[in-house]
Structures are given as structure tokens and as C-alpha cells.
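Sequential numbering of the sequence shown, starting at 52, is according to my numbering. Where a beta carbon is used, it is the ideal one built from N, C-alpha and C, also for glycine. Encoded as C-alpha cells, the structure appears first; notes follow it.
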Amino acid sequence: MTPEIRPMRPADLEAVLTIAAASPEAPVWQPSGYAAYLNPPQPPLLRAAFVAADSGSVVGFAAATLLLDSPTTASPENRCELDSMAVDPTARRQGIGSALLGAVLAWAAEHRSHHFGLEVRASNAAAIRLYERHGLRREGLRPRYYRDPIDDALLLGKPLLP
């Protein structure tokens, strides 16, 4: 499967909510939480969401936030964080997550992010392997961060721009 990766549109919101609901590892957000990624960027906080579409059907999504430092900051970091990503359970292990993550990383670099990070359930071995294949490394731990079930959050990240 080679899905089309494109920016999320308002018409995609229902499919994104369905995928999120079918993915217990994804954050539980209200529809307005996902809809916020459809608004035009408002520096210093930029948001972007991408979907993977196969034959017109949305099979995955990724959402990220980038905080732009002031241009007068001596060493701007412009940190980007992956806020949520999920692939329809029936479409997993086909490279969709990797393609979505690649789109987010490209967007972050295009907007001059110096660091990319995320948090992931410590028990989510498949996601951790995916992130490591994209060069992310462990940067910290948040004990007992997740609920239902209780789990630690691994903080993963990598530098983007020098």
C-alpha cells in the first residue's frame, strides 16, 4: 500500500476521530482538539496535521505542534512535538506510520525546528522501533504518565537543524 500523505482537511475529521477511537495508544481528545489543527497557523505556535489516504479513505493521521522562539533569542530552539499519531488497526505494518512521521519531520524542518520530540508509552514496542528507525533517541522518562492502563512515558527526540 502506498497511501497519499496530505494535510488534514475538515472532511477528514470524522475518519481521524474513528481511527483515534480504535487506537487505545492514541491520546483521547475531544473533536475540537483535532479540529484545532485545521486552523491557519498563528505564530509563535504552529500546528499541522497530516492524513494518509488510500483510495480516498483515511487510514492514518499525525498531528504536531511547533513553538517558534523569538527571532531575537540568542539560540532559538523552535521545538516541534508530535502530539498524536495513529494508523487504522487494519492498515498497520504497511509503512503508513513511517510515511506520516516523515511528513511531520519534513514539515518541522521546513519551519526551522531545531528539535523534534514526542512521548510514547514505554510498553509500545512497535512505535518505539518506528521512532528509533527515524533517528529518535531516549531523552527522558515520565513515570506512571499514562492511565488505562498505567504506563510510563518515554521521551524520545532528535535534533533537526543545527
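Here Ala204 carries a strand assignment [DSSP, helix/strand/coil]. Note: Gln145 is not bridge-paired with any residue in the DSSP secondary-structure output. When the beta-carbon positions are compared, Ala72 and Ala103 stay at least 8 Å from each other. Put simply, the backbone Cα of Ile70 is about 17 Å away from that of Ala87. Under a 10 Å Cβ-count criterion, Asp199 is classified as exposed, with fewer than 16 other Cβ atoms of the shown protein chains found around its own Cβ. The Cβ atoms of Leu192 and Val171 lie no closer than 8 Å to each other. In the three-state reduction of the DSSP assignment, Pro92 falls in the coil class, being assigned neither a helical nor a strand state. In the DSSP annotation of this structure, the continuous segment of the alpha helix (DSSP H) that includes Thr69 starts and ends at Leu64 to Ala72. Pairing Phe112 with Pro58 gives a Cβ-Cβ distance that is not under 8 Å. Counting only the Cα atoms, Glu76 lies some 16 Å from Val110. Sixteen is the threshold: since fewer than 16 other Cβ atoms of the shown chains lie within 10 Å of the Cβ of Gly186, the residue is exposed. Assigned with DSSP and collapsed to three states, Leu156 falls in helix.
No Cβ-Cβ contact shorter than 8 Å links Leu207 with Leu152.
Leu212 is the residue among Ala115, Pro91, Pro61 and Leu212 whose C-alpha sits nearest the C-alpha of His166. Looking at the DSSP output, Pro58 bridges to Phe101. Secondary structure of Pro78 (DSSP, three-state): coil.
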